[in-house]
Each structure stands twice: as C-alpha cells, then as structure tokens.
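The sequence shown: position 205 = 205 (the working numbering), numbered continuously.
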Amino acid sequence: MLDATTRSGGTATATPRATAMELVIASDLAIAPDLTVAAHAADALEAAAAPVSLAARCTRVLLSPWSRLALLVVLLAAAASSVLLFEPQRLLADGWPPQLGGAAAAVAFAVAYGLCTVAFVPRPLLNLAAGALFGSELGLGTALAGTVLGAGVAFGLGRILGQDALRPLLRARWLKAADGQLSRHGFRSMMVARLFPGVPFWAANYCAAVSRMGWLPFLVATALGSIPNTAAYAVAGARASSPTSPAFLIAMGFIAVPALVGTVVAWRKRHHLRGH
C-alpha cells in the first residue's frame with residue numbers, strides 16, 4: 001500500500017479502490033474528445049447520406065424497366081406524330097432534297113429513310129421513292145442502307161428501353177414459341193421475315209429486340225433478306241413512268257410472289273405456334 005502525509009502530520013493509507021477510481025476518471029477525460037469527434041463525424045455522415053439516398057432512389061426509378069419502356073413509347077409516339085404533322089412525303093414533289101444532288105442526296109435520303117422507318121412509315125413507299133429519285137441501282141443501294149440503319153436504330157431502342165419490361169410478359173404459348181424461335185434461330189427467322197413480306201418492318205424489329213437475338217445476326221439477315229423485295233420496289237419506282245414495260249411488270253411479279261408465299265407460310269405456321 002502507498003503512504004501519504006495527512007494534514008496532522010501522520011500517514012494515511014491510499015486504498016487500491018481509490019487508485020482505480022482515479023484511473024477511470026483520467027481515462028474518461030482522455031476518451032471524451034475522441035467520442036465528441038466521432039459523434040460529429042456520424043452526424044455529418046448522416047446529413048450527407050440523406051440527399052445521396054434520395055438521388056439514388058430517383059435514379060433507380062428513372063432507370064427502372066417500366067420507366068424506360070414509357071420513354072420508348074413517348075419517343076415512338078413523337079416520331080409518328082412528327083411524320084403526320086410535317087408530311088415529309090411532300091418533299092418528293094421537288095426532289096430530295098432540292099439543294100443537294102448526286103451522292104450527297106443519296107446519303108441524306110438514306111438517313112431520312114432510316115428515321116422514317118423508325119417512325120412507322122411503310123418501307124414500300126420509301127423503296128418506290130428511292131427508285132423514282134435515284135434510279136434502279138443507286139435507289140437500291142440507298143434503300144438498303146436506310147433499311148439497315150432504321151432496323152439498327154429500332155433494334156437498339158427496343159433492346160435498351162423495352163426488353164427488360166416486356167420479356168416477363170411473354171406468357172402466352174404463341175408468344176413463347178415466337179420468342180424461342182427468334183432467340184434460338186435468329187438469323188434464319190429474320191431472313192424469312194425479310195424475304196417474305198407480311199410482318200411489318202417495325203414489328204419485326206421490336207420483336208427481335210425483345211428476344212435474345214444478337215446484333216450481328218439481326219443486321220446481316222436484315223441486309224441480305226431485304227435485297228429481293230427492295231430491288232423489286234426500286235425497279236418499279238424507276239420504271240413507274242412506263243407501267244407496261246417488261247422491267248416494271250417483272251418487278252411487280254417479284255413483289256406479288258413473295259407476298260403470296262409469305263401468306264401461305266404464315267398460314268401453315270399458325271398451327272405450329274399454337275401447338276407450343
């Protein structure tokens with residue numbers, strides 16, 4: 001035990017209990033500043049976390065599948081409305097466009113062609129216009145370039161904005177069968193859809209986007225499968241001034257025969273889709 005001098009000059013004994021109390025008080029005094037700093041840091045973190053969490057929630061809502069699908073619907077509705085409002089087909093009366101010529105006009109037409117297909121303008125009308133404006137060969141190349149461009153834009157929009165929301169809705173048997181056909185045999189299925197008209201161009205694009213078809217099979221099948229039908233319309237448009245010419249009649253035959261074959265194939269495939 002420790003000795004200490006008392007007020008009367010004697011000695012007193014400092015017990016271990018008193019020494020322990022002094023140590024506890026000293027440690028509390030030493031720890032108190034650290035606890036204060038930690039409390040202030042926690043308050044600052046809570047204050048900073050509140051707006052971050054709100055921003056994160058807003059981001060999740062905006063990037064959710066249904067929000068993206070709603071954005072896709074708005075974009076497509078705006079595109080279709082702009083076509084109805086501005087009537088771009090009136091530009092064909094003065095040439096496309098009046099201030100351009102040659103390759104520049106062909107490139108401008110191809111870009112406009114692709115955007116118009118995204119806005120649900122029928123491809124046959126655009127193909128006829130391409131043939132009438134640029135002739136058979138250049139019109140075919142311009143129309144094919146616009147076809148691939150428009151298909152790629154529609155496929156990208158459907159894949160990014162619509163796939164996550166629409167895939168869980170594929171519950172009907174015929175929808176599952178069509179989705180399985182496009183996902184497993186994408187190139188072959190898209191070739192058939194392009195070679196034999198019957199399925200609208202925009203519908204094939206967005207159905208392929210919702211499926212698990214890859215980009216490369218989709219674009220290559222679109223380019224190759226669209227050649228016969230596009231060529232027939234381009235020739236018909238180039239020879240529209242002489243509807244009794246052999247070239248015009250042959251082109252119309254190439255348009256009618258694939259349409260008939262496509263109707264027969266679709267009629268036969270309906271039982272296969274219902275069976276699955």
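Even for Gly, the Cβ is constructed at its ideal location relative to N, Cα and C.
- Ranking L216, V210, T230, A105 by CA distance to the CA of R194 puts T230 first.
- In terms of CA proximity to G146, R123 leads the group V83, A78, R188, R123.
- The C-beta separation of G186 from F155 comes to about 11 Å, leaving the pair out of contact by the 8 Å criterion.
- Between P65 and D164, the gap from beta carbon to beta carbon is short of 7 Å.
- Across the structure, A221 and L72 are spaced so that their CA atoms are roughly 24 Å apart.
- Excluding five sequence positions before and after R167, the CB atoms of its chain that fall closer than 7 Å to its own CB belong to V210, given in chain order.
- Following the DSSP letters along the chain, one finds I227 inside the alpha helix (DSSP H) bounded by residues 227-238.
- If you draw a 10 Å sphere on the C-beta of G102, you find fewer than 16 other C-beta atoms in it, and that means exposed.
- DSSP assignment within the stretch 124-197 yields the following whole alpha helix (DSSP H) runs of 4 residues or more, N-terminal first: 163-166, 173-184, 186-195.
- Distance from the CA of A259 to the CA of V199, rounded to the nearest whole angstrom, comes to 10 Å.
- The beta carbon of A143 is closer than 7 Å to those of Y113, L126, N127, A130, T230, A234 in its chain, skipping five residues each way along the sequence.
- For the 7 Å CB-CB criterion, A80 and F134 do not form a contact.
- Remark: C-beta atoms of A232 and A251 approach each other more closely than 7 Å.
- Burial check for L76: the Cβ neighbour count within 10 Å reaches 16 or more, so the residue is buried.
- In this structure, DSSP gives F120 a state outside helix and strand, which the three-state scheme calls coil.
- Within the same chain, Cβ atoms closer than 6 Å to the Cβ of G162 are found at L69, L72, the five residues on either side in sequence being excluded.
- Scanning T59, G141, A208 for the CA closest to the CA of F109 turns up G141.
- Per DSSP, the continuous alpha helix (DSSP H) segment holding S67 begins and ends at 65-86.
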